[in-house]
């Protein structure tokens, strides 16, 4: 028989969830509502006047082939960032999990980059790979490779992906390591006695048992790639060369805070909001089915 | 009752005390300068504050140009705007459109009754910030114009005469061929590509960048830099890029580091880059006028400025405005301006400052520094060379950068790229026109 908590007081449960609800209302629903409202207007930068334009901001955006192209750029960027940061983190976590001596030091070092702000991470990587003065570019040149992300879109994309993923590896590492340590050693030992190799044990036991962690990190990383990477893009490429690294959230920032076009910027935020909403629903409906808790 | 009175008395006392402590009226100035320019700006403020005791100016750095403008706008929305805001030339149309948010300079001077003679300011500089009926809206602060920097040592090494005639792109092109053939790795680079190679290019060749006198005559302006002359120049630059004669370094002034390190032979950059080049270059360099195409019949006309001006924000007290006017007049004095001009390479904003600089013999001691001024004032500006007044201009420059990069990398022809930039920019101009109706 299941034990259930029953509240006799009718108001107490509401009171208990009220703080959380309030925070969500003030910090999510209110600004989101403002964005939706603003996306229907054409305001001037100073807020002196505004005109209602209905869905015109959306039409203006969706008719623009450059805006539509940035969906593709965002998809490539987010996939690469998520895959890179999660696979490297998992690899490092598996290795760190096996370390017996000095594991604390390893872990601390691996978690370190998480403390670096995205903009700083961006500047750091930019300096290393600046075509004229970067040490990375210098070594590549010695190897006979002419690095120039200022004009080469693929290199620019590679650089912003690495800079964005690098930071996130630490976060993923932390969760993967915790997940690995929660797997009962007896199961793995039993498989080892049965003669399963390390990789077989990993794929048939560890990876499935790790799936709740992996799923959680997948959601978190996609959200990170969509929303929190604009500082990296801003400092390294500013969306260039051409529009090769202009992801949706960077355009929200550039149009709103540099171009002062608040109507369009708000409309883009709304589009982004729905896009990530849909993505999260897909993740929970289709991928979560394969997760074993 | 007694308690209420005591409170009142205490409040009154506090008010009096604060008044006594801040007898001088406080003026806030938000600017975008750091480093050497920030220091020079701070010195100007200090000189002003020490010279009188009615007004105290406080300068605050708010980030780069875009960030400073943005901070000013956000502050205005929160009703916490500074008295003076530094806005780059690109933001001029945005500020002009914000009628309730600004106090034009001519109005400020009229209301405060300060001496103000618009004719004292250099025509080519103030024109950018003046309405078509001659009303000055903001005070030009730092203005520069693009020039050609030459690494003379690189020319000598390539067997060229370092004093050769580089006034035309035809001649520069010939020099680029020689440099490339002798194995030079960076014959030409540039800073601010849209400003120099499209905007100033148009003015210098008396060809419109946009219709309606580059936007001065109306909000219904349309971009027009996809004409034959602009396209020919960008096409040629694209060819040079393909052949490794023009090295693209980035959208801002990333090329500066390479030129100052001696890696590049030619560098098109703002005249305000002079201080940096002089300080860092350990090679023999020269400043030349921006080249033009001989084939273009109306070149050279005059170049236009870049830089920033100071806008007075609305919503402050009369006595504070009196101080602002006082400070703007102080900044316009010949002494302050000529020092600024000589220290930074920015143009002097008044004719008196230019004369003073000449009289002090600065140009003889620093050859090349007079070129920017000459380039701007040699001919009376036409409708194509007064300046630019376009809404959403920061975004338009951004999309021009994107399209130019497509040319430099060989993805698009010059004509395709310019057509696309014009089309995309016009869509933004129409949006801006609607918000400002």
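Chains as they are written, first to last, in the working numbering: chain A, 11 to 303; chain B, 185 to 621. Using N, Cα and C, we set each Cβ at its ideal position, and we do this for glycine too. Since this is a predicted model, take the numbers as computed values, not measurements.
Where residue i meets chain A, residues with beta-carbon distance less than 7 Å
| i | result |
| --- | --- |
| residue 285(B) | 56, 58 |
| residue 592(B) | 161 |
| residue 278(B) | 55, 270 |
| residue 281(B) | 54 |
| residue 589(B) | 161, 250, 251, 252 |
| residue 432(B) | 160, 161 |
| residue 435(B) | 248, 250 |
Straight-line gap, residue i to residue j (C-alpha atoms, nearest Å)
| i | j | result |
| --- | --- | --- |
| residue 694(B) | residue 481(B) | Look at the range of chain B in this structure, 185 to 621, and you will see that residue 694(B) is not part of it. |
| residue 296(B) | residue 510(B) | 9 Å |
| residue 524(B) | residue 551(B) | 17 Å |
| residue 105(A) | residue 231(A) | 21 Å |
| residue 174(A) | residue 239(A) | 6 Å |
| residue 493(B) | residue 399(B) | 18 Å |
| residue 205(B) | residue 242(B) | Residue placement at residue 205(B) is flagged as unreliable, the pLDDT there being 47, under the threshold of 50; a coordinate-derived value is accordingly withheld. |
| residue 258(A) | residue 290(B) | 43 Å |
| residue 151(A) | residue 196(A) | 51 Å |
| residue 290(A) | residue 40(A) | 21 Å |
| residue 255(B) | residue 515(B) | 23 Å |
| residue 356(B) | residue 479(B) | 14 Å |
| residue 144(B) | residue 302(B) | Because chain B here runs from 185 to 621, residue 144(B) falls outside it and cannot be looked at. |
| residue 346(B) | residue 371(B) | 14 Å |
| residue 286(B) | residue 617(B) | 19 Å |
| residue 587(B) | residue 160(A) | 13 Å |
| residue 573(B) | residue 60(A) | 22 Å |
Under 8 Å from the C-beta of residue i: neighbouring residues of chain B
| i | result |
| --- | --- |
| residue 259(A) | Chain B residues near residue 259(A): none, gap ~16 Å exceeds 8 Å. |
| residue 97(A) | Under the 8 Å cutoff, chain B gives no residues; its nearest Cβ is about 31 Å from residue 97(A). |
| residue 143(A) | 441 |
| residue 265(A) | 579 |
Contact with chain B by residue i, beta-carbon distance below 7 Å
| i | result |
| --- | --- |
| residue 78(A) | no |
| residue 114(A) | no |
| residue 252(A) | yes |
| residue 92(A) | no |
| residue 24(A) | no |
Minimum Cβ-Cβ distance from residue i to chain A less than 7 Å
| i | result |
| --- | --- |
| residue 304(B) | no |
| residue 260(B) | yes |
| residue 312(B) | no |
| residue 423(B) | no |
| residue 254(B) | yes |
| residue 405(B) | no |
| residue 369(B) | no |
| residue 604(B) | no |
| residue 586(B) | yes |
| residue 218(B) | no |
| residue 493(B) | no |
| residue 576(B) | yes |
| residue 496(B) | no |
| residue 250(B) | yes |
| residue 619(B) | yes |
| residue 418(B) | no |
| residue 609(B) | no |
Under 7 Å between C-beta atoms of residue i and residue j
| i | j | result |
| --- | --- | --- |
| residue 505(B) | residue 456(B) | no |
| residue 415(B) | residue 602(B) | yes |
| residue 360(B) | residue 429(B) | yes |
| residue 488(B) | residue 331(B) | no |
| residue 305(B) | residue 272(B) | no |
| residue 279(A) | residue 45(A) | yes |
| residue 584(B) | residue 564(B) | no |
| residue 322(B) | residue 333(B) | no |
| residue 451(B) | residue 373(B) | yes |
| residue 141(A) | residue 122(A) | no |
| residue 386(B) | residue 570(B) | no |
| residue 235(A) | residue 88(A) | yes |
Contacts that residue i makes with chain A (C-beta to C-beta distance below 9 Å)
| i | result |
| --- | --- |
| residue 257(B) | 55, 56, 57, 270 |
| residue 573(B) | Those do not exist, as residue 573(B) stays about 16 Å from chain A at its closest Cβ, beyond 9 Å. |
Sufficient close CB pairs (3 or more, under 8 Å) joining the stretch 161-169 of chain A to the stretch 202-212 of chain A: no
Whether or not the stretch 403-414 of chain B and the stretch 456-470 of chain B are in contact is what I'm after, with contact meaning three or more pairs of Cβ atoms, one per stretch, closer than 8 Å; do they touch? no
Should the stretch 192-204 of chain A be regarded as contacting the stretch 123-139 of chain A, the criterion being three or more beta carbon pairs within less than 8 Å? no
Below 8 Å, can you find three or more Cβ-Cβ pairs linking the stretch 247-256 of chain A to the stretch 48-65 of chain A? no
I want to know whether the stretch 91-105 of chain A touches the stretch 177-184 of chain A - three or more CB-CB distances under 8 Å. yes
Using 8 Å as the Cβ pair cut-off and three pairs as the minimum, do the stretch 256-271 of chain A and the stretch 576-595 of chain B touch? yes
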